[in-house]
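Reading the sequence shown from the start, the letters are residues -2 to 91 in our numbering. Quick reminder that beta carbons are idealized off the backbone N, C-alpha and C, glycines included. Note that this is a predicted model, so its numbers are computed, not measured. Each remark here refers to the structure printed beneath this line.
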Amino acid sequence: MSEIRSVSSLMTSAETSGVLMAAYLLLRPYGDAAGGVAALDAFASPLWIVAHVCGVFSLAAAVVLTRLPAAFDDGRSPRLARLAQGCGFAGLVL
């Protein structure tokens, strides 16, 4: 039962991370890509701050996902689960 609860909390973290990343992409003003005055307007927009805070929290929620391979470990290959967990964390950092 605790494994199910653990996987459920990990899936909630995945969903939260996805929603926050979508909010980042949808709310972020993209005027900074053009440069000049459009960049200044984008950086001055309150949506820029809200979008980037959503992005930061999305990455923080994704850190929990590095535990996902260990949650599905059936005990036969803990070394492989640790390797998967390390690769997931390295991918998140990159």
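Rounded straight-line distance, which links the Cα of residue j to that of residue i
i	j	result
leucine 77	phenylalanine 86	14 angstroms
alanine 36	glycine 28	5 angstroms
alanine 57	glycine 15	11 angstroms
alanine 33	serine 10	The amino acid at residue 33 is misidentified as alanine; the sequence shows glycine. Going by the C-alpha atoms only, they are around 38 angstroms apart.
arginine 25	phenylalanine 40	10 angstroms
proline 75	aspartate 38	51 angstroms
tyrosine 21	arginine 79	31 angstroms
Under the three-state DSSP convention, the category residue i falls into
i	result
arginine 79	helix
proline 43	helix
glycine 28	helix
leucine 91	coil
serine 5	helix
methionine -2	Summary for methionine -2: the model assigns pLDDT 44, below 50, so the residue's position carries little reliability; its value from the coordinates is reported in the next sentence. In this structure, methionine -2 counts as coil in the three-state DSSP scheme.
Which listed residue (the options) has its alpha carbon closest to that of residue i
i	options	result
leucine 23	Gly52, Asp38, Ser6 and Thr13	Gly52
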